[in-house]
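Novice: Mind having a look at this structure? Questions to follow.
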Amino acid sequence: MEQKKILIITYYWPPAGGPGVQRWLKFAKYLPEFSWNPVIYTPENPSYPLVDESLLKDVPQNIEIVKTKIWEPYQLAEKLNKSNKKFKAGQFDVGKNQSWKSKLSIWVRGNFFIPDARVFWVKPSIKFLEQYLKENKIDVVVTSGPPHSLHMIGLGLKHKFPALKWIADFRDPWTEISYYQHLKLTKRSDRKHRQLESAVFKNADITLATSYTDAENFRKAGANAVCITNGFDESDAAVPQTIIADNASRQNAESFTLSYIGVLEQLRNPENLWKILDELVNENTGFAAHFTLKFAGRVDDKILQSIESSNLKNHILNLGYISHDKAVEEMANSNLLLITNFPNASSRGIIPGKIFEYLATGKQIISFGPDQADVARILDETGAGKHFSYQESKLVKDFILEKYELWKKGNLLENVQNIEQFSRRNLTKKLAEILG
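Throughout, this note's numbering is defined as the position within the sequence shown, counted from one, plus 1396.
Here it is as structure tokens:
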């Protein structure tokens, strides 16, 4: 069968770290099996919040990668205020943690750089890719956001080539993302954000969403939206199995470990959970003797300071940012895996990418977020754990104690069902069917 070509316009590409890079890296890895040849268009000199060299191994050997230079004000902003580094990853100081510098940076970010600070790459990219498309046969163009400036590249190319098939992939929503309300937008800026978002929805041939709720919301806003969730890669889950089995059996016999793997910022901080764990350590001597709270990734300093000022201070194992391969190993070396979402109802559709790798480990998952969340639907379908609101206390405490008692008796069994639908290969097959 003749191979078709798909041009993937993405800001995040190895050695970028974090979940944002993995979606199209994995699609690119498996697309050739379904008669699609990926071409990557990405910045030559990006400013990544995280770097993970281990992801380079997943880049197909013969893949064509096209790069052009980008100018980013974040590089200057970080010199003025170190906390600006987390703004480019969608993280914000909130409430009493906001300094005047943070407030000013957020206001500038929301009102001067629309959709975001990568907007200066839009016009040069449209000009470059217009010529590239004239010289190369491309069957489909994909733009992946955030940063949503990349959808502006797709919109510009669609205007120049109306017959071009354009897919706008929203890894996160635009105006419906939780931190949007923290951008301190003027009415004029808010209107511009919404007008640009609407133009993308109405002009893209297909809008991809990573959750069921987002797809439904996008359709209501005028998009031809389809849901393809993120997933887990069988090869990631399989590679370290012998190492993991040895480490897990040894570590799990010594410690009842609740782990958070990934980036944790203030807007998704489960303060109620830390309070419950503090109580358990204080009230239950057996639990205190066995419990470990493990972090692997970048955790906001103010969250760590708060936890370290409680009874949990001697139970914390903070590994810092680690490679993706190591992160998968640490997931398996745990008993309970923690996932958090933004608390407001508009975030019901956010499915953090790490949940699928959590599922692949077979470990039990404890989740926090809004009621009726898509995450709760996935946990129910797979029997992999429980989802709670941020206000719940007794049910959370009972759930943790139940898992601890099972662990103590050696009966905390690994159990997964119906997870094949979330494998990267099966998701890529679904994508190929949509591409046509």
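Here a beta-carbon is modelled for each residue, glycine too, at the ideal position from N, C-alpha and C.
Around the C-beta of K1759, are 16 or more other C-beta atoms found within 10 angstroms, so that it is buried, or is it exposed?
Specialist: Numbered from 1 along the sequence shown, position 363 holds the residue referred to as residue 1759. With 16 or more other Cβ atoms within 10 Å, it is buried.
Novice: Check the DSSP bridge columns for S1763 and list the partner residues they point to.
Specialist: Counted from its first residue, the sequence shown places residue 1763 at position 367. In the DSSP output, where bridge partners are listed per residue, S1763 has I1735 and H1783.
Novice: According to DSSP, is L1403 part of a helix, a strand, or is it coil?
Specialist: Within the sequence shown, the letter at position 7 stands for residue 1403. L1403 falls in the strand class under three-state DSSP.
Novice: Quick one: any contact between the stretch 1812–1828 and the stretch 1751–1771, if contact means 3 or more CB pairs under 8 Å?
Specialist: In short, these stretches touch, since the Cβ pair count reaches three.
Novice: State the DSSP-derived secondary structure class of L1823, mapped to helix, strand or coil.
Specialist: Here residue 1823 refers to the residue found at position 427 of the sequence shown. The answer is helix: DSSP assigns L1823 an H, G or I state.
Novice: Going by other Cβ atoms of all chains shown within 10 Å of its Cβ, with 16 needed for buried, is A1600 buried or exposed?
Specialist: To locate residue 1600, count along the sequence shown from 1; it is residue 204. When all chains shown are included, A1600 counts as buried.
Novice: Using 10 angstroms around the beta-carbon of V1447, count the other beta-carbons present and answer buried if the total reaches 16, otherwise exposed.
Specialist: Here residue 1447 refers to the residue found at position 51 of the sequence shown. So V1447 counts as exposed.
Novice: To which residues of the same chain is M1548 closer than 6 Å at the C-beta, ignoring the five residues directly before and after it?
Specialist: Here the question's residue 1548 lines up with position 152 in the sequence shown. Closer than 6 Å at Cβ, skipping near neighbours: V1518.
Novice: Which of helix, strand or coil does DSSP assign to F1430?
Specialist: Residue 1430 sits at position 34 when you count from the first residue of the sequence shown. In the structure shown, F1430 sits in a helix (DSSP, three-state: H, G or I).
Novice: Keeping to the same chain, check which residues put their C-beta closer than 6 Å to that of Y1444; ignore five residues upstream and five downstream.
Specialist: For the purposes of this step, residue 1444 is identified with residue 48 of the sequence shown, where counting begins at 1. Same-chain partners within the cutoff: A1412.
Novice: Does DSSP classify I1728 as helix, strand or coil?
Specialist: Mapped onto the sequence shown, residue 1728 falls at position 332. Rather than Ile, the amino acid found at residue 1728 in this sequence is Ala. Reduced to three states, the DSSP call for A1728 is helix.
Novice: Can you tell me which of the three DSSP states A1617 falls into?
Specialist: Translated into positions along the sequence shown, residue 1617 becomes position 221. Here A1617 sits in coil by DSSP.
Novice: Taking only three categories from DSSP, how would you classify N1814?
Specialist: In the sequence shown, the residue the question calls residue 1814 occupies position 418. The answer is coil: DSSP assigns N1814 none of H, G, I, E or B.
Novice: Considering just the uninterrupted stretch of the beta strand (DSSP E) at S1655, what are its terminal residues?
Specialist: Counting from 1 along the sequence shown, the entry for residue 1655 is found at position 259. Counting along the chain, the beta strand (DSSP E) containing S1655 begins and ends at F1652 to I1657.
Novice: Do you know whose CA, among G1716, I1461 and V1417, lies nearest P1542's CA?
Specialist: For this step, residue 1542 is matched to residue 146 along the sequence shown. Per the Cα distances, V1417.
Novice: How about F1361 and T1606: do their beta carbons lie closer than 7 Å?
Specialist: With the chain covering 1397 to 1832 only, the question about residue 1361 has no answer from this structure.
Novice: According to the Cβ coordinates, are I1404 and V1538 closer than 7 Å?
Specialist: In the sequence shown, residue 1404 corresponds to position 8, counting from 1. In the sequence shown, residue 1538 corresponds to position 142, counting from 1. In this structure, V1538 lies closer than 7 Å to I1404 by Cβ.
Novice: Cα-Cα, which of E1398, F1430, I1402 and V1455 is closest to L1421?
Specialist: Position 25 of the sequence shown, counted from the start, is the residue given in the question as residue 1421. The candidate whose alpha carbon is nearest that of L1421 is V1455.
Novice: The beta strand (DSSP E) spanning L1802 covers which residue range?
Specialist: Looking up residue 1802 in the sequence shown gives position 406. Here L1802 belongs to no beta strand (DSSP E); instead the alpha helix (DSSP H) covers K1790 to K1804.
Novice: For the alpha helix (DSSP H) containing K1519, list its first residue and its last residue.
Specialist: In the sequence shown, residue 1519 corresponds to position 123, counting from 1. V1518 to E1531 is the extent of the alpha helix (DSSP H) around K1519.
Novice: Considering only residues of the stretch 1538–1593, which uninterrupted beta strand (DSSP E) runs meet the minimum length of 3 residues and lie entirely inside it, listed in chain order?
Specialist: Within the stretch 1538–1593, the complete beta strand (DSSP E) runs of at least 3 residues are 1561–1566.
Novice: Are the CB atoms of T1736 and F1764 within a distance shorter than 7 Å?
Specialist: Locating residue 1764 in the sequence shown gives position 368, where the first residue counts as 1. Locating residue 1736 in the sequence shown gives position 340, where the first residue counts as 1. A contact, by the Cβ cut-off of 7 Å.
Novice: Taking G1414 and V1659 to be in contact with their CB atoms under 8 Å, please state how far apart those CB atoms are, rounded to whole angstroms.
Specialist: Mapped onto the sequence shown, residue 1414 falls at position 18. Mapped onto the sequence shown, residue 1659 falls at position 263. Indeed they touch by this definition, with Cβ atoms about 7 Å apart.
Novice: In this structure, how does DSSP classify F1752 when only helix, strand and coil are distinguished?
Specialist: Along the sequence shown, read from residue 1 onward, the residue named residue 1752 stands at position 356. In this structure, F1752 counts as helix in the three-state DSSP scheme.
Novice: Using only the alpha-carbon positions, how far apart do D1696 and D1535 sit?
Specialist: Walking along the sequence shown from the start, residue 1696 turns up at place 300. Walking along the sequence shown from the start, residue 1535 turns up at place 139. Going from the Cα of D1696 to the Cα of D1535 covers about 42 Å.
Novice: Compute the beta-carbon to beta-carbon distance between F1423 and T1824, rounded to the nearest angstrom, for a pair I have assumed lies under 8 Å.
Specialist: Start at 1 with the first residue of the sequence shown, and residue 1423 comes out as number 27. Start at 1 with the first residue of the sequence shown, and residue 1824 comes out as number 428. Their Cβ separation, rounded to whole angstroms, is 5 Å, which keeps F1423 and T1824 in contact under 8 Å.
Novice: With distances taken Cα to Cα, identify the nearest neighbour of Q1662 among L1797, F1738, E1460 and L1427.
Specialist: Stepping through the sequence shown from its first residue, residue 1662 is reached at position 266. Taking only the C-alpha atoms, the option nearest Q1662 is F1738.
Novice: Between the alpha carbons of I1510 and H1720, how many angstroms are there, rounded?
Specialist: Locating residue 1510 in the sequence shown gives position 114, where the first residue counts as 1. Locating residue 1720 in the sequence shown gives position 324, where the first residue counts as 1. Approximately 31 Å, taken between the alpha carbons.
Novice: Per DSSP, which one or two residues make a beta bridge with E1460?
Specialist: By one-based count along the sequence shown, residue 1460 stands at place 64. BP columns for E1460 point to V1435.
Novice: Could you compute how far the alpha carbon of W1467 sits from the alpha carbon of R1514?
Specialist: Residue numbering aside, residue 1467 sits at position 71 when the sequence shown is read from its first letter. Residue numbering aside, residue 1514 sits at position 118 when the sequence shown is read from its first letter. Distance between the alpha carbons of W1467 and R1514: 8 Å.
Novice: For K1401, which residues in the same chain have their Cβ closer than 7 Å to its Cβ, ignoring the five residues on either side in sequence?
Specialist: In the sequence shown, counting from the first residue as 1, residue 1401 sits at position 5. Answer for K1401: N1433, V1435, K1533, I1534 and D1535, listed in chain order.
Novice: Might you give, ordered along the chain, the residues of its own chain that have their beta carbon closer than 7 Å to the beta carbon of A1641, omitting 5 neighbours on each side?
Specialist: Here residue 1641 is taken as the residue at index 245 of the sequence shown, counted from 1. The predicted model places A1641 with a pLDDT of 43, which falls under 50 and marks its position as unreliable; any figure quoted below should be read in that light. Excluding sequence neighbours, A1641 sits near nothing in its chain.
Novice: Just checking, does the stretch 1740–1747 make contact with the stretch 1705–1712 on the three C-beta pairs under 8 Å criterion?
Specialist: The stretch 1740–1747 vs the stretch 1705–1712: no contact.
Novice: Sort H1544, G1550 and S1540 by Cα distance to E1526 and report the nearest one.
Specialist: As a position in the sequence shown, residue 1526 is number 130, starting the count at 1. Of H1544, G1550 and S1540, the residue nearest in Cα terms is G1550.
Novice: Check this for me: beta carbons of T1464 and E1440, under 7 Å apart or not?
Specialist: One-based indexing of the sequence shown puts residue 1464 at position 68. One-based indexing of the sequence shown puts residue 1440 at position 44. Closer than 7 Å, so yes.
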